[in-house]
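Contents: one structure, followed by commentary.
Number of protein chains: 2
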Amino acid sequence: MSGKKIIVQKYGGTSVGTTERIKAVAERIKGYVGKGYSVVVVVSAMGHTTDTLVDLAGQITKNPDKREMDMLLSTGEQVSISLLAMALHETGVDAISYTGSQIRVITDGNFSNAKIESISPERIMQSLDEGRVVIVAGFQGIDANENITTLGRGGSDTSAVALAAVLKTRDCEIYTDVEGVYTADPRIIDRTKKLKEISYDEMLELARLGAAVLHSRSVEFAKKYNIKLHVRSSFNYEEGTIVMPKEEMMERFVISGVTSKTNEAKITLRDIPDKPGIAAQLFKLLGENKLYVNMIVQSTGKDNKASISFTVLKNDLPRARDLCEKIKSDLKATGIDFKEDIAIVSAVGVGMLSSYGVAGRMFQVLSEHGINIEMISTSEIGISCVIDSMYAELAMKAIHKEFLEAEKYVC
Amino acid sequence: MSGKKIIVQKYGGTSVGTTERIKAVAERIKGYVGKGYSVVVVVSAMGHTTDTLVDLAGQITKNPDKREMDMLLSTGEQVSISLLAMALHETGVDAISYTGSQIRVITDGNFSNAKIESISPERIMQSLDEGRVVIVAGFQGIDANENITTLGRGGSDTSAVALAAVLKTRDCEIYTDVEGVYTADPRIIDRTKKLKEISYDEMLELARLGAAVLHSRSVEFAKKYNIKLHVRSSFNYEEGTIVMPKEEMMERFVISGVTSKTNEAKITLRDIPDKPGIAAQLFKLLGENKLYVNMIVQSTGKDNKASISFTVLKNDLPRARDLCEKIKSDLKATGIDFKEDIAIVSAVGVGMLSSYGVAGRMFQVLSEHGINIEMISTSEIGISCVIDSMYAELAMKAIHKEFLEAEKYVC
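Take a look at the structure:
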């Protein structure tokens, strides 16, 4: 054992998008080696490689076998790890690349969306002890029969966190093309702030509500193994955002992020006699048909009649509509309304746990701007409102200003 | 055990150069499945994939690490096997792809030019028994530590032959972009004939002397394991050429091929005192400097002085020249001549073993066309002459006409 501090770094597709970028990443890694770190690097496929491979498969079949698709896609990362190893050698740093198979990233057999079950640290530790940078292909593993599997969206982040866990380090850097986690999408809100820290739960809630910086599975993994994820840019040396246990956070905002999702549609079943089992009957049917349902609100009106509103992905609306029409008479609903032009605007923050009146302030802000709230749902650390999509930007800006642009925002 | 007849088919880069070609190959394989064969397919990387990958590495370093280069290049075949499996599924044929690692193609650790030591047939046999076409990535294996290795030039042919050996079948088809083995290069000689059969030794001699259809290692392997190699085109259904034991051949020509090589240069050291050890001293020096020497001729002149002529690759001429100048005085040579504009024209045929006067006829033909012979060397089944390169085509045509275009050519 060298006794050096191990750091795991993950570089995404944009960070290694060209051979020039790969050389730049090698220089960055060299800097960490110079500081005395044992560096384990996880790399994604270069830039648009995955798209190109998917397109090749698409030229052959509309329904590619999932095992063969994983065989195909896993080549993307294998190309980047070998090139990065060469680039490190070129800077004078010893390095060795490993596929998922070579370091026994064992997953279940769920092709295209496999889950990591174990990783063998021995070979990595040996290479680190020999003074090498270890470069690992992200996104991939093998099942118990040595079939190649891939981990699905955000898979390379998950690979990095899993490696940090088995290598028993808390230091995991996720290099991406943004500089960290912002209080809102900087393309929409001008005065966004980059967060220094954010808790696992907030990050998960943000991911669920539309912020795409990190995929949920990697954050869940990090939470489970208590790993600090430093999300930062590979294009400069600025500090990014550290995703960490909320107990260790130095600063906490009442809310830490505002998001908006416009890829869902709303369905309302009106005037259903309010008796037990109605909601169960409806959502069981939708679930059996593999429809993803996000928000659900049930309200009781006059004469003991209820209405149930829920949101589904816009792509699923036709199917959801058919199912609702089918079950309408069973439920004795008098009508069904559909609305596609909706936005789900959300505020997320662990500060809500200890601050009263956050929801009220949010509704007030929307009301002051003449925005009608069509549905509300809340979780421990998030509040979501369905509004007309034409007001999505305005709502985000107003909520962001209220909670994040004043001096009073720290809880 | 299904008891079906196993056939191994290898498709080269041009045969799977596009997704359209991959679909065509799938249809061809389907035909063999329909005829009741258990089919094992070895595939090369698509078209220019390998060049593209080499170019990527070249953008990063002039001296890529060989292990990392093999890691990089082996992705090419992994792409083609998965796409071919998908194409077979699309035609309704069950198929599964395997990397070299997955079927334990164990090689030595000589990266970029590894030799196959063993292959495990179990997984392939199981998949065949399940009624599947098995698609294997050619050109690649793993060493004892699971590092990915590649087999060097012609590696996919070697993979195919090795698979035929472990699967205990003699049937191995090598699909390429030519229709078989010809008596000479059809781009130079109009009246070439496609050979129905050729012996292993002739094929090896032709490869050594410049014919590029099959790489030597795969032919040596086939000879050792007594496998019939059917070299044919994937672009039509014509019979090609079968490389086989000479004892089984139905027809035998006095000579079966004429070749010409123009990538070598001739060096002559004149007037060396003829005493033991002179040649050894010279070629030991060249060998120590890793110079490939092809033909060597030593002749004794008057006054007990000898001259030694030999050929090296043109690229190596500057290095060879320097070494000769260095050793010239030790050898007491009076002069050194160099000639770049040479061709080595050869005739190859097992028929020479049982026919007298082949060499004499060849020299006579050259002389009738006014072509001066500068060096001669012979093997059991081949005769090579160094001539001025301006006569290369003429010499080939004349020899081809003498031995292969008359009725008298069968021995």
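Chains R and F supply the protein sequences, listed in that same order.
If you want the working numbering, it's the position in the first sequence, counting the first as 1, plus 316.
If you want the working numbering, it's the position in the second sequence, counting the first as 1, plus 316.
Virtual Cβ for every residue (Gly too), placed ideally from N, Cα, C.
Bear in mind the structure is a predicted one, so any value in this text is a computation, not a measurement.
For Glu580(R) and Ile660(R), which I take to be in contact (beta-carbon distance under 8 Å), what is that distance rounded to the nearest angstrom? The C-beta separation of Glu580(R) from Ile660(R) comes to about 6 Å, placing the pair in contact by the 8 Å criterion.
Completely contained alpha helix (DSSP H) runs for the stretch 543-623 of chain F, where each covers 4 or more residues: The qualifying runs are 594-604.
If you count every other CB in all the chains shown that lies within 10 Å of the CB of Asn463(F), and 16 or more means buried, which is it? buried
Of all Cβ atoms in chain R, is any one closer than 9 Å to the Cβ of Ser550(F)? no
Cβ of Asn349(F) less than 9 Å from any chain R Cβ? It is worth fixing the name first, because residue 349(F) is Val in this sequence and not Asn. Not one chain R Cβ lies under 9 Å of Val349(F).
Kindly give me the distance between the Cβ atoms of Leu467(F) and Val324(F), rounded to whole angstroms, as I take these residues to be in contact under 8 Å. Actually they are not in contact, since the Cβ atoms of Leu467(F) and Val324(F) sit about 16 Å apart, beyond 8 Å.
Compute the distance between the beta-carbons of His546(F) and Cys640(F), then report whether it is under 9 Å. no
Report yes if the C-beta of Leu633(F) is less than 8 Å from at least one heavy atom of the ligand GDP; otherwise report no. The ligand GDP is not part of this structure, which contains no ligands at all.
Taking Cβ positions only, does Glu438(R) come closer than 9 Å to chain F? no
Hey, how far is the Cα of Gly347(F) from the Cα of Tyr353(F)? Between Gly347(F) and Tyr353(F), the C-alpha separation is close to 9 Å.
For the putative contact between Val664(R) and Ser515(R), defined by C-beta atoms under 8 Å, what is the C-beta separation to the nearest angstrom? About 10 Å separates the two Cβ atoms, so there is no contact after all.
Using a Cβ-Cβ cut-off of 9 Å, state whether Lys540(F) counts as contacting chain R. no
Throw me the rounded Cβ distance for the Lys582(R) and Ile658(R) pair, which I believe falls under 8 Å. 5 Å
Does DSSP classify Asp704(R) as helix, strand or coil? The answer is strand: DSSP assigns Asp704(R) an E or B state.
In chain F, which residues lie with their C-beta within 7 Å of the C-beta of Ala373(R)? Leu399, Met402
By a C-beta neighbour count over all protein chains shown, 10 Å radius and 16 as the cutoff for buried, is Gly306(F) buried or exposed? The question about residue 306(F) has no answer here: the residues shown for chain F are numbered 317 through 727.
Does chain R have any CB closer than 9 Å to the CB of Leu369(F)? True, the Cβ-Cβ gap to chain R drops below 9 Å.
If you measure beta-carbon to beta-carbon, which residues of the stretch 330-341 of chain F are closer than 7 Å to chain R? Thr335, Ile338, Lys339
With a CB to CB cut of under 8 Å and the five nearest residues on each side skipped, what residues in its chain are close to Leu710(F)? His685, Ile687
8 Å contact criterion, which Ser428(R) and Met385(R) should meet: CB distance rounded: 6 Å
Within chain R, the residues that Gln456(F) reaches when beta carbons sit closer than 7 Å: What Gln456(F) touches in chain R: nothing, since even the nearest Cβ is about 11 Å away.
Taking the alpha carbon of Arg337(F) as the point to measure from, which residue in Ala411(F), Met362(F), Gly350(F) has its own alpha carbon closest? Met362(F)
My guess is that Leu400(R) and Val332(R) are in contact by the Cβ rule of under 8 Å, so how many angstroms apart are they, rounded? 7 Å
Taking all protein chains shown into account, decide if Gly319(F) is buried (16 or more other Cβ within 10 angstroms of its Cβ) or exposed. exposed
Using the Cβ count rule (16 or more neighbours within 10 Å means buried), how would you classify Tyr414(R)? The residue in question, Tyr414(R), is buried, as its Cβ has 16 or more Cβ neighbours within 10 Å.
Residue range of the unbroken beta strand (DSSP E) whose run includes Gly471(R): Here Gly471(R) belongs to no beta strand (DSSP E); instead the alpha helix (DSSP H) covers 471-482.
Delimiting residues of the alpha helix (DSSP H) encompassing Ala453(R): Where Ala453(R) is concerned, there is no enclosing alpha helix (DSSP H), although the beta strand (DSSP E) it sits in stretches over 449-453.
Would Val494(R) pass as a contact of Val529(R) if the rule is Cβ separation under 9 Å? Yes.
Kindly indicate which three-state DSSP category Val497(F) falls into: helix, strand or coil? Here Val497(F) sits in coil by DSSP.
Please classify Thr272(F): does DSSP put it in a helix, a strand, or coil? The shown model of chain F, from 317 to 727, leaves out residue 272(F), and the question about it has no answer.
Mapping the DSSP letters down to three states, classify Leu629(R) as helix, strand or coil. In the three-state scheme derived from DSSP, where H, G and I count as helix and E and B as strand, Leu629(R) is classed as strand.
Against chain F, does Ser413(R) count as a neighbour if the rule is that its beta carbon must be under 9 Å from one of theirs? yes
Would you decide whether Gly603(F) is buried or exposed? Buried here means 16 or more other CB atoms lie within 10 Å of its CB. exposed
Close Cβ partners of Arg439(F) (< 6 Å) along its chain, the five nearest in sequence each way excluded: By the criterion of a C-beta distance shorter than 6 Å, Arg439(F) is surrounded in its chain by Ile419, once the five residues flanking it on both sides are discounted.
Chain F contact residues for Leu444(R), given Cβ-Cβ distances below 8 Å: Chain F residues near Leu444(R): none, gap ~16 Å exceeds 8 Å.
Alpha helix (DSSP H) containing Thr465(F): first to last residue? Unbroken run through Thr465(F) is the beta strand (DSSP E), 464-466; no alpha helix (DSSP H).
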